[in-house]
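Protein sequences appear in the order of chains A and B.
So the first sequence is numbered by our numbering: it starts at 7 and just counts up by one.
So the second sequence is numbered by our numbering: it starts at 7 and just counts up by one.
Number of protein chains: 2
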Amino acid sequence: MTTDNGQLDQFNDSFLRACAGERTTPVPVWFMRQAGRYMPEYQAVRGKHDFLTMCKRPELAAEVTIQPVDILGVDAAILFSDILIPLEAMGAGLSFQEGRGPVLSPPIRSRQQFQELHGIDPYEDLPFVMEAIRMLRKELEGRVPLIGFAGAPFTLASYLIEGGTTKSFVNIKRMAFEDPKLFHDLMSLITGVTIDYLTAQAEAGAQALQLFDTWAGVLGRADYEAFALPYAKRIVQALKQQNIPFIYFVFNGGHLIDLVKSAGADVMALDWRTDIAHATGHLGSDIVVQGNLDPAALFLPEDELRQRISRILQQGRGAKAHIFNLGHGIMPEIPVEKVKMAVDLAHQLSA
Amino acid sequence: MTTDNGQLDQFNDSFLRACAGERTTPVPVWFMRQAGRYMPEYQAVRGKHDFLTMCKRPELAAEVTIQPVDILGVDAAILFSDILIPLEAMGAGLSFQEGRGPVLSPPIRSRQQFQELHGIDPYEDLPFVMEAIRMLRKELEGRVPLIGFAGAPFTLASYLIEGGTTKSFVNIKRMAFEDPKLFHDLMSLITGVTIDYLTAQAEAGAQALQLFDTWAGVLGRADYEAFALPYAKRIVQALKQQNIPFIYFVFNGGHLIDLVKSAGADVMALDWRTDIAHATGHLGSDIVVQGNLDPAALFLPEDELRQRISRILQQGRGAKAHIFNLGHGIMPEIPVEKVKMAVDLAHQLSA
């Protein structure tokens with residue numbers, strides 16, 4: 007794109023360079039759920055359309071994807087979408103109910119229910135995602151890279167099997183333990199879909215990919231190794247031929263970091279419970295880390311917020327490269343000024 | 007108590023000896039929520055009374071407390087009650103809604119709301135708890151020890167501030183970060199109540215105490231140290247004069263184990279995500295550990311269940327002493343035969 011005075015904007019590639027292992031000055035910054043409810047400009051769009059419509063209409067998804075780039079000055083855009091979108095294309099019933107979160111109905115708990123699900127052709131079944139990516143690449147050209155994403159198989163399976171969110175994960179674990187064949191068949195199907203989906207995103211123009219394993223942290227080490235890791239690994243491997251950076255995020259996965267590393271992603275994203283210094287202490291300094299401010303820390307007064315960000319940046323210097331982020335998505339209750347302040351502080355303190 | 011043939015039953019003190027650091031053969035076994043919905047005998051009582059009534063009528067609480075001792079052959083009884091019971095005595099509105107869990111109304115989010123809360127006299131305000139303990143000591147005499155318990159301050163504060171269960175803990179963290187004075191005042195009040203409550207339980211005859219910090223694991227290390235640990239420590243210290251074993255359980259606290267140890271409890275309880283070998287590797291072998299089978303592992307077929315229990319027992323031999331338990335409460339969906347099987351396996355494999 008061109009600026010008002012006719013010059014070409016310089017492409018801000020600090021995020022991509024950090025993904026590739028370069029220690030950048032300043033560190034790149036983006037936030038999970040940076041396009042979201044905390045932002046009045048997002049609410050203005052959301053007030054007119056329901057959540058799924060926003061995911062499915064490329065011009066709306068593109069509009070809110072760009073908002074944080076304009077308003078916060080982040081160094082990467084992440085496609086506005088939801089990890090559950092491909093499940094609907096697989097034949098699952100998906101709805102979002104106000105105050106209750108996503109509902110998958112009926113939950114998949116039998117071989118017969120599993121057989122109602124099927125693979126997808128992302129271009130055919132989810133054309134709006136690829137269209138949003140193409141639109142965004144045009145609109146973002148000359149500014150920041152665009153990240154695509156998907157949910158990891160264990161996380162998607164947990165929504166399918168539990169029928170929504172859960173605290174106990176009793177049904178997914180029960181299937182894994184009582185009927186491992188069915189569980190693994192379901193995981194294989196989801197894995198194939200996810201590979202196809204992320205490949206299509208890359209082909210449409212996504213410049214990096216993040217795999218969200220929000221719930222794999224409920225597994226002990228042996229179970230993560232048996233029931234979640236092999237599928238994440240398969241996805242990471244399959245996407246290597248796209249030659250774009252791959253970020254793997256296991257939420258609440260501090261007890262799994264060595265296994266998570268073995269998945270082979272370029273970047274390991276950490277939540278706020280796993281100190282970056284702990285990760286580099288255990289895994290060595292040859293890792294690229296992303297994270298990891300507690301999203302609630304954005305409620306802190308400026309002085310304390312600065313101290314926390316400074317500490318995280320300092321720990322990040324012990325890694326091969328560092329991408330500053332939160333340890334989870336921005337909460338709707340956070341004032342947008344504080345989010346902007348965190349972006350600025352992370353830039354200033356690492357300049 | 008006397009058996010049918012007139013002999014005194016031998017008091018099974020293996021749990022108390024293990025708490026004191028003795029390596030017992032076999033290891034003692036009890037399960038969190040061993041008196042609970044998975045058991046038909048419990049359901050028979052629950053079918054006639056609501057949950058709070060069961061907590062408040064000593065003869066009902068005593069009846070279901072003893073059920074797992076009779077039916078499972080566990081080595082300790084734990085008082086049937088709920089960690090939220092003292093909050094009601096402090097002036098909070100408490101109800102249990104089917105399918106929604108506990109509701110605390112109104113949530114405590116202002117100084118004014120905090121000032122509606124007050125300390126308790128456990129003998130005056132919660133006489134049914136002490137009465138249940140006295141009844142149980144009589145009924146259990148000659149069999150197994152009785153464990154009393156309370157929720158840890160951070161966990162109780164999270165229910166008070168959030169108004170029930172939560173996934174984000176946004177309100178409690180917001181108060182801690184935006185109004186630390188109010189947060190610490192609330193924590194101090196809860197801590198005093200908890201000390202009084204546990205002291206009364208010990209005086210009434212509880213032979214060990216467990217402090218449940220179900221939600222402190224949502225804190226990063228620095229925040230756990232600032233906002234949760236000092237209060238847990240104060241409780242552990244205050245209860246030392248009762249000269250009974252004290253167990254501290256931080257759920258999902260693998261990233262905090264060294265700090266958790268510093269609270270000074272006699273026994274550290276671990277969930278299934280923190281391998282006992284990891285704990286002894288980091289903290290040394292001079293710890294008494296309790297745990298840590300994934301409750302969902304009770305869905306496994308016998309062979310695999312045996313392997314898992316065997317592995318946990320083997321890791322437990324690396325500690326000073328070991329009490330076998332689950333890493334969280336028994337799920338209602340677990341068949342009672344599998345729970346019994348786990349008790350028997352843990353006994354057999356450590357005999």
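Heads up, the beta-carbon is just placed ideally off N, CA and C, and yes, glycines get one too.
If I follow the unbroken alpha helix (DSSP H) through residue i, where does it start and stop?
i, result
"residue 133/A", "133–146"
"residue 324/B", "Unbroken run through residue 324/B: none, as it is neither H nor E."
"residue 383/A", "The structure shown does not extend to residue 383/A, since chain A spans only 7 to 357, so no value can be given for it."
"residue 80/B", "Counting along the chain, residue 80/B falls outside any alpha helix (DSSP H), and DSSP gives it neither H nor E."
"residue 124/A", "Premise fails: residue 124/A is in no alpha helix (DSSP H) and is neither H nor E."
"residue 244/B", "235–245"
"residue 344/B", "342–355"
"residue 20/A", "20–25"
"residue 47/B", "46–52"
"residue 338/A", "Counting along the chain, residue 338/A falls outside any alpha helix (DSSP H), and DSSP gives it neither H nor E."
"residue 93/A", "91–95"
Run through the DSSP bridge pairs and tell me what residue i is partnered with.
i, result
"residue 214/A", "153/A"
"residue 330/A", "35/A and 297/A"
"residue 229/A", "For residue 229/A, which the question treats as bridged, DSSP gives no partner whatsoever."
"residue 109/A", "101/A and 170/A"
"residue 219/A", "256/A"
Can you tell me where the beta strand (DSSP E) with residue i in it begins and where it stops?
i, result
"residue 85/A", "Where residue 85/A is concerned, there is no enclosing beta strand (DSSP E), given that its DSSP letter is neither H nor E."
"residue 164/A", "Looking at the DSSP string, residue 164/A is not in any beta strand (DSSP E); the run it does join, the alpha helix (DSSP H), is 159–168."
| task | Indicate whether the contact test is met: 3 or more Cβ pairs, each with one atom in the segment 173–187 of chain A and one in the segment 91–111 of chain A, closer than 8 Å. | result | no
| field | Touch test, the segment 133–150 of chain A against the segment 192–202 of chain A, Cβ-Cβ under 8 Å, three pairs minimum | value | no
| message | Ignoring anything shorter than 3 residues, give me the beta strand (DSSP E) runs that lie fully in the segment 247–281 of chain A, in order along the chain. | response | 252–256 and 273–275
| query | What are the complete alpha helix (DSSP H) segments, minimum 4 residues, inside the segment 173–206 of chain A? | reply | Entirely contained in the segment 173–206 of chain A, the alpha helix (DSSP H) runs reaching 4 residues are, in chain order, 176–184.
| message | Tell me which residues of the segment 271–282 of chain B have at least one Cβ-Cβ distance to chain A shorter than 8 Å, keeping chain order. | response | 278, 279, 280 and 281
| message | Does the segment 258–275 of chain B come into contact with the segment 305–320 of chain B, if we say contact requires no fewer than three beta-carbon pairs (one atom in each stretch) closer than 8 Å? | response | no
| message | With a threshold of 8 Å, are at least 3 pairs of Cβ atoms found where one atom belongs to the segment 64–83 of chain A and the other to the segment 130–138 of chain A? | response | yes
| the segment 177–192 of chain A in contact with the segment 125–135 of chain A per 3-pair CB rule at 8 Å | no
| So does the segment 209–229 of chain A actually touch the segment 151–170 of chain A, counting three or more Cβ pairs closer than 8 Å? | yes
| request: Please confirm if the segment 247–267 of chain A is in contact with the segment 277–293 of chain A, defined as three or more CB-CB distances below 8 Å between the two stretches. | output: yes
| query | Name the residues in the segment 253–264 of chain B whose C-beta lies less than 8 Å from a C-beta of chain A; which are they? | reply | Those would be 258, 260 and 261, in chain order.
| Going along the segment 115–128 of chain A in order, which residues come within less than 7 Å of chain B, judged by CB to CB distance? | none
| query | Along the segment 290–308 of chain A, what residues have a CB closer than 9 Å to any CB found in chain B? | reply | 298, 300, 301, 302, 303, 304, 305, 306 and 307
| Going along the chain, which residues of the segment 179–191 of chain A sit with their C-beta nearer than 7 Å to a C-beta in chain B? | 179, 180, 183 and 184
| Should the segment 30–46 of chain A be regarded as contacting the segment 105–122 of chain A, the criterion being three or more beta carbon pairs within less than 8 Å? | no
| Does the count of Cβ pairs from the segment 331–350 of chain A and the segment 22–30 of chain B closer than 8 Å reach three? | no
| field | Chain-ordered residues of the segment 341–354 of chain B with a beta carbon less than 9 Å from chain A | value | none
| Contact between the segment 240–251 of chain A and the segment 319–337 of chain A: three or more CB pairs below 8 Å? | Three or more beta-carbon pairs separated by less than 8 Å are not found between the segment 240–251 of chain A and the segment 319–337 of chain A, which leaves the two stretches without contact.
| Name the residues in the segment 141–175 of chain A whose C-beta lies less than 9 Å from a C-beta of chain B; which are they? | 171, 173, 174 and 175
| field | Stretch pair the segment 179–187 of chain B + the segment 295–302 of chain A: three plus CB contacts closer than 8 Å | value | yes
| Residues from the segment 313–341 of chain A in contact with chain B, defined by Cβ distance under 7 Å | 337 and 339
| the segment 346–354 of chain A / the segment 40–47 of chain B touching (three or more Cβ pairs under 8 Å) | no
| task | Residues of the segment 40–56 of chain B with a CB closer than 7 Å to any CB of chain A: list them in chain order, please. | result | none
| field | Residues in the segment 200–227 of chain B having any Cβ partner in chain A nearer than 7 Å | value | Residues of the segment 200–227 of chain B with a Cβ closer than 7 Å to any Cβ of chain A, in chain order: 226 and 227.
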